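Asker: Below is one structure. I have some questions about it.
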Amino acid sequence: MRDLSLGDVVYINGPVVTGRDDVHIRALEYLDEGKPVPNCLEGAVVYHCGPIMRKMDSGRYSVVAAGPTTSARMNSLEPRFIREFGIRAIIGKGGMSQEVAEAMKEVGCVYLAATGGAAVSLAEGLSTVTGSEWEDLGMPETMWKFETNRLGPLVVAMDSKGNSLYEQVRNGLKREY
């Protein structure tokens, strides 16, 4: 991850877990309470996504749509989450705060921007549902576990060096006005 630079286009192959607000909250609460946290979070690629899932006759799930959710919703939780679990990449839309960028720099994590409105196309990259955690949270908040095959394209929008495309745009706009 430390070799990736702003603007690089990547595709993910391998394990990815979804995690929105409730997954972050529960995982951190479990840590605080000394309860076991799913080991799939260690060194994970976390997709800020509440996928639409279909339960098949076999009892297994398949993904129907998997668009990114707005990552800024997790700004208050993400720095600790990154540090506690050694998160290597976050997939989402809209970017994250400077505090998150600092945690990413410490751990060697990147933020990968996914295109909003491309939920069905992105779902194609989530080739296999390998499990789930905390289904009691409801379908969009469940931590879904996937094996991916060319999930993307994703753009490195925040790198592990503290650089952010979002900050570059904001700074450019400030100079314009």
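Under this note's numbering, the residues of the sequence shown are numbered 626 to 802, in order.
Don't be surprised by glycine CBs; every beta carbon is placed ideally from N, CA and C.
Only a predicted model underlies this, so the values are computations on that prediction, with no experimental measurement involved.
What are the partner residues of residue 674, as DSSP defines its beta bridges?
Answerer: The residue you call residue 674 lines up with position 49 of the sequence shown. Answer by DSSP bridge pairing, in chain order: 693.
Asker: In the DSSP assignment, the alpha helix (DSSP H) including residue 750 goes from what residue to what residue?
Answerer: On the sequence shown, residue 750 is found 125 positions in, with the first residue counted as 1. Segment 744 to 750, the alpha helix (DSSP H) holding residue 750.
Asker: Over what stretch of residues does the alpha helix (DSSP H) that includes residue 704 continue unbroken?
Answerer: Reading the sequence shown from its first residue, position 79 is the one you call residue 704. From DSSP, the alpha helix (DSSP H) with residue 704 extends over 703 to 710.
Asker: Check each candidate in 789, 765, 665 and 675 and name the one with the smallest Cα separation from residue 772.
Answerer: The count along the sequence shown starts at 1 and reaches residue 772 at position 147. Ranking the options by Cα distance to residue 772, first place goes to 665.
Asker: Please return the same chain residues whose Cβ sits closer than 6 Å to the Cβ of residue 757, not counting the five positions on each side in sequence.
Answerer: Here residue 757 refers to the residue found at position 132 of the sequence shown. Closer than 6 Å at Cβ, skipping near neighbours: 767 and 769.
Asker: Taking 8 Å as the cut-off, does the stretch 722 to 740 touch the stretch 780 to 789 (at least 3 CB pairs, one atom from each stretch)?
Answerer: The stretch 780 to 789, when compared against the stretch 722 to 740, does touch it at the 8 Å Cβ threshold.
Asker: With H, G and I counted as helix, E and B as strand and the rest as coil, what does DSSP make of residue 659?
Answerer: Here the question's residue 659 lines up with position 34 in the sequence shown. The answer is coil: DSSP assigns residue 659 none of H, G, I, E or B.
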